[in-house]
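Visitor: The listed protein sequences derive, respectively, from chains A and B. The first sequence lines up with residues 414 to 1233 when you count with this note's numbering. The second sequence lines up with residues 38 to 268 when you count with this note's numbering. Just so it is clear, CB atoms sit at the ideal spot from N, CA and C, and this is done for glycine as well. Computed from a prediction, not measured in an experiment: that's the story for all the values here. Okay, here's the structure, questions in a sec.
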Amino acid sequence: MSLLTRLAARQLLTQLRTTEWRALLLASWIAIALTTLLAVLGDRLERGLMRESASLLGADLVLSSSRPLTPERLQGLPLQGIQQTPVIQFPSMVGQGDNLMLVSVRALQAPYPLRGELVTEPAGTGIPAPGEVWVEPRVMTQLQLQPGAQLEFGYQPLTVSRELLASPDRGTGFRSFSPHILVNAADLDASGVLAPGSRANYRILFAGSSAAVRTLDQALRPTLASHERIHALQADQPLTGNALGNALSYLKLSALIALLLSALTIMLALRRFSLGQHTRSALLLNLGLRPGQLVRVYLYQLLLAWLLTASAGILTGFLLESAVYQWLAELLPQALPPAHWLRWLSGAALGLALLVLLGLPPILQLARIPVAHLLRGDAPPRDRTALLLQGASMILLAATLLAFLEAPLAALGLLAFLLLGGALFGWLAQGCLLLCARPLARHLLLGRLLLMRLRQQRQWHRLQAAVVVMLLTLLSVVWVSRTDLIEQWQAQFPSDTPNYFLINIQPWQKAELDTFFAERALDTELYPMIRGRLTQLNGNPIQPQLNAEQQDHNTLRRELNLSWRAERPAHNPLVAGDWWQPGDTDAISIEQDMARELGLELGDRLGFDIGGIAVEGVIRNIREVVWTSFQPNFYIIFNPEALQNAPSTWITSFHLPAEQRALSRDLLQQFPSLTLIDIDQVLTQLAGWLQRLGDSSALILALSLGCGLLLLGVTLLQALEQRRFESALLQTLGVSAEQARRLDLLEFLLIGLVCGGLASASAEGVLAMLHQWLLQIPPRLHGELWLLLPPLAAMVFVLIGWLIRRPLRLDQCYRLLRAG
Amino acid sequence: MSHLNREKPLIEAQDVAKSFNTQAGSVELFRNLDVRIMPGESLAIIGRSGAGKSTLLSLLAGLDTPTEGQILFDDQPLEQLDDAARADLRLQQISFIFQSFHLLPELDALDNVRLPLEIQGRKDADAQARHWLQQVGLGARLDHYPAQLSGGEQQRVAIARAFATEPKVLFADEPTGNLDDDTGQQIIEQLFDLNTNAGTTLILITHDIDLASRCQRRLHLQNGRLEEVPA
């Protein structure tokens, strides 16, 4: 071992006994563990769901449509050298015995897929033979299926021949997360589950040489109808990854807080460390060490520290990743491949960047300390070089963090929010502290001293309060909302709120279905549903008449579900105009938000394209619609005379009490082609998502809290000498060690209580905003926060303060005062 | 101030001035100082607190630069040396002993003495360090850490460290300032014995008249002027 490494190792060993180095090591350990966790998990998600998009698409190019794609659709397209296969995907209820489950069905024709492969148990190739079905493990578990079991699929029972472990071409959006089953397209007709007008996604998968695919892509794009989309390999966003990608970004943003706190802890720890190294550096320089060698000694010390924390951090990252993966596993469509081995090192790399970039400025400053410091106590020069170096390091560090987070705008937004929120809470906390301390100052023996100290330490108090209040707020909000929000949202609905949607009802089934419901005394109302696009306003194309924001309105970018009725739906009160009378053939009713946002008024004439036929109507009234009522709701309702001859399917929703759930089974047996959507199941899935995401981010925030506590410790350290000196002076003036200690503890207790109180108030505020604006339900008070947070914060402050502040013996006081 | 000696001085300060900029304006510590220090001689700089003794020592050792005038070390103007050359000069030719010992706490006595020798790249670092610790009477306490040594013992380790590199000049800043009288006396004896044997030039700062009187020459720094004090 060279002299310099030996010196560095010895220095590190000695420093390990100091609080600032312990805080530094713990902070970089947490930062490395968290970064490893997110880098590895992110890579696995990307590799599994995003990067391998060729196999994810199941093809090189996909044409997707909400209407059937006939062979004529492809006429005139350059299909030479292109392989193609059609896929139909739709939601359906399948069952075995009394168990029913909503799944996403894919009806296939060979060859399938064109890219990637279907992984099944038992293994094999091809697609399910007619009469067979392949199901995902979630379906097996929930329906308690065994291989060879019969699965009821409309009129056609299918034999479960394989378990589907992984598959490409899962489709987009929420359907990609539903449990999937694969059937042969030949079974569709016999099952009767898909009738004309049923909601389904029709796709044609294409594959071929890149030149042929490019030519096809170019030829296809100009011919796209409004209900069609193209998903291509290079140009397209990953399909399934979006929701998971968002979840990952959310977790990464949670981690930003921990990383910032770690960085601040490391910076303050190094600052305190370097202040204590002036004499030592001057001595080593005096003994003949060159400045470059001195820099190397300190860098080696940091590298040794990094080696320690990187090993521990990677190991912890591995454990955390296993835990979070377990939580998310149930929600993942398929098992994820392992991460690239380099990703395991990204946490360590970020840790190295943190240590070196934060460590280099103070270290280089140490190398500039004059040897005369040993004689006269000269400090190192504080000049432009030092400031520039500090600035450059900060910029590099910020760039590194942003590069890691891969969402610079969101990260900068969060950073601004944290800084502003932190500043606000810092000031508030300080105001509250002084307010509380003033009456105490009058009554306590050392009260005036407490007040003076609160003023002296105000900068540190502001930082401590900002960190603690923000962290406790975030943690409380995440913790409460992970379970509470969905439950409360569900609880607000009346007990008879519909819990089933029934869609894809054909006109000829309507009468029979009405009878079915009437016989069972179920209160339902069927609504016709026709798909059409809003194209004209007052006789001219609508788009040019709107501003940019309106042009991007949700209702103009897609086909709308339209309906017709003679009477006003009971759950849609009118806010303007009146309902039509028989004979008002061109009268239409519009939903109030759509009318307001598009600037539409009573008397405006709207034109629609319904399957190529132009239909017009005049706005006769404006309706209020509560979209979360779980009733069939429509933006536009026509007069019956205008639309009743247009091809339509029907929709309804109804409430089935738990004891009548078996009815759903009767319904599907009698009407196998209908799609029954169990809202409870969908909400349970959504709640599962939120809870697991909440758990994962709560874990990250808990680690952030760990970083926050370290930072708290390091900030308390910064003023430790002053505290010790003050305490020594007090003790020599006749105050007992116990009284001096109580003064400190009182200060910590006060600031803890104030921080806890502020955190309760701000968490309550954020939760109230979530209730009011996101869920649109009345806010409620969370008493448990008020009971828990103030004592918790006070305990944390007192504990850390007690650990850092050791009592002084009288002889120590004397020595301290002499030295000071 | 002049010193009549036909030998060539090892250190020579010529018309040296030093001032500092403070918030209240420029403060001049001294002006027109001349001093010649011969090889092998011992010199004490005395004066009251704040007179500028430490600053003068820093200038003579090349740790600081004068506002005016120049310092020659072995005929070489120190201001012409860059930082690296000055560091090299300190490494090869200069040693210091400080009032507060300045030992590295994580190194034992032997390693503390061995450190500058290793920095010099000396192969005999270990043997030399042991030799010098024997010389100061700490042969039995080689593996003791500074915290396990008394103040006097720590200063002896510092003395061994200072002599071990065989410097041409030894600067000592109040070497007995942190020691009781008896221990201080022992340290002084040892310092002068070793200095005599090694033939090192010794420049020390002290308040202690007894200590100063042990030096061949004494210079009194007062009101910015340096005056020779007769024996």
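(1) Residues of the stretch 135-156 of chain B with a CB closer than 8 Å to any CB of chain A: list them in chain order, please.
(2) What three-state label does DSSP hand Asn953 (chain A) in the structure shown?
(3) For Phe301 (chain B), which residues in chain A fall below 8 Å Cβ to Cβ?
(4) With 7 Å as the limit, tell me which residues of the stretch 169-200 of chain B have their beta carbon closer than that to any beta carbon of chain A; keep them in chain order.
(5) To the nearest angstrom, how far is the alpha carbon of Ala520 (chain A) from that of Pro499 (chain A)?
(6) Can the beta-carbon of Leu674 (chain A) be found less than 9 Å from the beta-carbon of Ser1117 (chain A)?
(7) With DSSP run on the structure shown, which of helix, strand or coil describes Pro46 (chain B)?
(8) Which full runs of the beta strand (DSSP E) of 3+ residues lie inside the stretch 830-918 of chain A, going along the chain?
(9) Tell whether a beta-carbon distance below 9 Å holds between Thr910 (chain A) and Val1179 (chain A).
(10) Consult DSSP for Trp993 (chain A) and reduce its assignment to one of helix, strand or coil.
(11) Shorter than 9 Å from the beta carbon of Thr92 (chain B) to some beta carbon of chain A?
(12) Beta-carbon of Arg127 (chain B) versus every beta-carbon of chain A: anything under 9 Å?
(13) Short of 7 Å in beta carbon distance, which residues of its chain neighbour Pro491 (chain A), apart from the five on each side in sequence? Order them along the chain.
(14) Using a Cβ-Cβ distance cut-off of 9 Å, determine whether Asp217 (chain B) contacts chain A.
(15) Could you tell me which of A:Glu1139, A:Ser759 and A:Leu853 sits nearest to Ile445 (chain A), measuring between CA atoms?
(16) State the Cα-Cα distance for the pair Glu545 (chain A) and Leu939 (chain A), rounded to the nearest angstrom.
(17) Chain A beta carbons: is any one of them nearer than 9 Å to that of Leu100 (chain B)?
(18) Starting from the Cα of Lys160 (chain B), find the closest Cα among B:Ile246, B:Thr202, B:Leu80 and B:Leu231 and give me that residue.
(19) Establish whether the CB of Glu427 (chain A) and some CB of chain B are separated by less than 9 Å.
(20) Which value, in whole angstroms, describes the spacing of the CA atoms of Ile401 (chain A) and Leu767 (chain A)?
(21) Alpha carbon to alpha carbon, what distance is there between Arg1074 (chain A) and Leu969 (chain A)?
(22) Among A:Phe503, A:Gln956 and A:Phe930, which one has its Cα closest to the Cα of Phe1084 (chain A)?
(23) Would you verify that the beta carbon of Ser95 (chain B) is, or is not, closer than 9 Å to some beta carbon of chain D?
(24) Do Thr1065 (chain A) and Pro1045 (chain A) have their C-beta atoms closer together than 9 Å?
(25) Enumerated in chain order, which unbroken segments of the alpha helix (DSSP H) with a length of 4 residues or greater are wholly contained in the stretch 976-1027 of chain A?
(26) Assign Arg868 (chain A) to one of two classes, buried (16 or more other C-beta atoms within 10 Å of its C-beta) or exposed (fewer than that).
(27) So which residues on chain B does Thr798 (chain A) lean against when the C-beta distance must stay under 7 Å?
(28) Would you say Asp52 (chain B) faces chain A, with C-beta separation under 9 Å as the test?
(29) Taking the alpha-carbon positions, what's the Thr798 (chain A) to Thr59 (chain B) distance?
(30) Among B:Asp125, B:Thr237 and B:Ile48, which residue has its Cα nearest to the Cα of Pro204 (chain B)?
(31) If the cut is a Cβ gap below 8 Å, which residues of chain A does Ala4 (chain B) touch?
(32) Taking the continuous alpha helix (DSSP H) assigned at Arg1155 (chain A), which residues delimit it?
(33) Quick one: does Ala166 (chain B) have its CB under 9 Å from some CB of chain A?
(34) With 9 Å as the threshold, decide whether the Cβ of Ala124 (chain B) is near any Cβ in chain A.
(35) Please list the segments of the beta strand (DSSP E) lying wholly inside the stretch 521-568 of chain A, counting only runs of 3 or more residues, in order along the chain.
(36) Report yes if the CB atom of Gln227 (chain B) is closer than 9 Å to the CB atom of Ile196 (chain B), and no otherwise.
Guide: So, to answer that:
(1) Phe135, His139, Leu141, Pro142, Glu143, Leu144, Leu152, Pro153, Glu155 and Ile156
(2) strand
(3) Not covered by the structure: residue 301 (chain B). The range shown for chain B is 38 to 268.
(4) none
(5) For Ala520 (chain A) and Pro499 (chain A), the distance between alpha carbons rounds to 9 Å.
(6) yes
(7) Correct three-state label for Pro46 (chain B): coil.
(8) As far as the stretch 830-918 of chain A is concerned, its whole beta strand (DSSP E) runs of at least 3 residues are 913-918.
(9) no
(10) coil
(11) A Cβ of chain A is located within less than 9 Å of the beta carbon of Thr92 (chain B).
(12) Interface residue, yes.
(13) If we look at Pro491 (chain A) and ignore the five residues flanking it on each side, its Cβ neighbours are Thr628, Leu629 and Ala632.
(14) Look at Asp217 (chain B): its C-beta is not under 9 Å from any C-beta on chain A.
(15) A:Ser759
(16) 34 Å
(17) yes
(18) B:Thr202
(19) Correcting the residue identity first, residue 427 (chain A) is Thr in this sequence and not Glu. Judged by the 9 Å Cβ criterion, Thr427 (chain A) is in contact with chain B.
(20) This structure cannot settle anything about residue 401 (chain A), because the visible part of chain A is limited to 414 through 1233.
(21) 38 Å
(22) The residue from A:Phe503, A:Gln956 and A:Phe930 with its alpha-carbon nearest to that of Phe1084 (chain A) is A:Phe930.
(23) Checking the listed chains, one finds no chain D in this structure; the protein chains it contains are A and B.
(24) Yes, the pair counts as a contact, with Cβ atoms nearer than the cut-off.
(25) 1005-1011
(26) Per the 10 Å Cβ criterion, exposed.
(27) None at all; the shortest Cβ gap to chain B is about 14 Å.
(28) no
(29) 21 Å
(30) B:Thr237
(31) The question about residue 4 (chain B) has no answer here: the residues shown for chain B are numbered 38 through 268.
(32) Ala1150 to Met1182
(33) no
(34) yes
(35) 532-534, 545-548 and 563-566
(36) Their beta carbons are under 9 Å apart, which means Gln227 (chain B) touches Ile196 (chain B) by this criterion.
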